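Please read the structure below before turning to the comments.
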Amino acid sequence: RLLKLALLSRAKDMKNRLGIFRRRNESPGANPSGKLDKVLKSLKPTPEEALKWGDSLEKLLLHKYGLAAFRAFLRTEFSEENLEFWLACEEFKKIKSQSKMVSKAKKIFAEYIAIQSCKEVNLDSYTRDHTKENLQNITRSCFDLAQKRIYGLMEKDSYPRFLRSDLYLDIINQKKASSPL
């Protein structure tokens, strides 16, 4: 329930921020939150599915609802930049065009790796320098070391805290509303 409220709040906030991109034909009286509820319910895992997220960070990140829950948790800790960087690297690896790769690589570096950047992730100087050197010849693997380090940080730090959080515990301990008592 807490996750649903957090996700609903985030979605409404995002909707308000992106309002200028709204389709013109959308009627002003439409209720988009009803659609959001349906999406959330369709993604919501059973407690058994959610328990599997405790096996590994990878299993958590592969599940859409798990990813959303982890992101909501990181937001409460003001530490979502690690996950955002990791996801940006995953998207970067899918880019086919070399020119788009160059542009995206520079953006990722400027946003997450450059010293004093707005969403700077915690990397050691060797990894930061190695990644900067990789930008001289951009390939799909130029962020691999940095991504691996950040994944390791999430795995050792924020992921175990997430597994102990009320947010996660509420998901795995949820009662099925339709089940008879």
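Per this note's numbering: the sequence shown ends with 311, consecutive numbering throughout. Built from N, CA and C at the ideal position, the CB exists for glycine as well. Everything numeric in this text was worked out from a predicted model, so none of it was measured.
- Within the same chain, Asn-212, Phe-215, Trp-216 and Val-251 come within 6 Å of Ile-280 by CB-CB distance, once the 5 residues on both sides are set aside.
- Sequence-distant partners of Tyr-289 (beyond 5 residues in either direction) whose C-beta falls short of 6 Å from its own C-beta, in its chain, are Leu-187.
- Rounded to the nearest whole angstrom, the C-alpha separation of Glu-241 and Glu-221 is 15 Å.
- The three-state reading of DSSP puts Ser-229 in helix, counting H, G and I together.
- The three-state secondary structure of Ser-186, taken from DSSP, is coil.
- Just so you know, the alpha carbons of Phe-273 and Ile-302 end up roughly 34 Å apart.
- In this structure, Gly-196 keeps its C-beta atom at 9 Å or more from the C-beta atom of Pro-177.
- Taking the Cα positions, Asp-300 is about 29 Å away from Ala-218.
- Taking one beta carbon from each stretch, the stretch 219-238 and the stretch 204-211 have fewer than 3 pairs nearer than 8 Å; the two do not touch.
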